[in-house]
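Before any comments, here is the structure.
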Amino acid sequence: MSTNTFLAVYLGGGKTGSRMAAWNAMPEAERRAKEQQGMAAWGAWVEKHHDVIVEMGGPLGKTKKVAADGTADIANLMTGFTVVRAASHEAAAKLFENHPHFAIFPGEAVEIMPVLPIPGR
């Protein structure tokens, strides 16, 4: 991948975060309406930026950590990802301003980082 490719990682506050607690405390009908609003907004975001989306990505499931001492089930704050193309890191970040992940849904943030070339290749 070239240096104009960026990985966007959607972060949540975990199951016990304040935004998730507020989301879960909503009456079910209100939460369902917000979900529909959020999915429509997310679809509009995808349509607006379809020409720069390299990989739509998607939600992330349970995590396994593999290290020298073995494999373990762990929890982290990553909830999903998308890969985009942009002229700069700042331009890539701008794509996610007011994103439905945190503007409507109880997500905390989106972290954007460049995908760098493998050294020596």
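Quick note: the sequence shown uses UniProt numbering, first residue 1, plus one each step. The beta carbon of each residue, even a glycine, is placed where N, CA and C say it ideally should be. Predicted model, so just to flag it, every value in this text is computed and none were measured.
In the DSSP secondary-structure assignment, Gly70 is bridged to Ala67. Counting only runs of at least 3 residues, the region 38-99 fully encloses the following beta strand (DSSP E) elements, listed from N- to C-terminal order: 53-59, 63-67, 70-74, 78-85. Distance from the CA atom of Phe105 to the CA atom of Asn76, rounded to whole angstroms, is 18 Å. Between the beta-carbon of Leu11 and that of Gly107 there is about 7 Å, and that keeps the pair under the 8 Å contact cut. DSSP links Glu35 through a beta bridge to no other residue. An exposed status is given to Val115, since fewer than 16 other beta-carbon atoms sit within 10 Å of its beta-carbon. Here the C-alpha atom of Ala86 lies approximately 17 Å from the C-alpha atom of Asn98. Between Ala109 and Trp23, the alpha-carbon positions lie close to 16 Å from each other.
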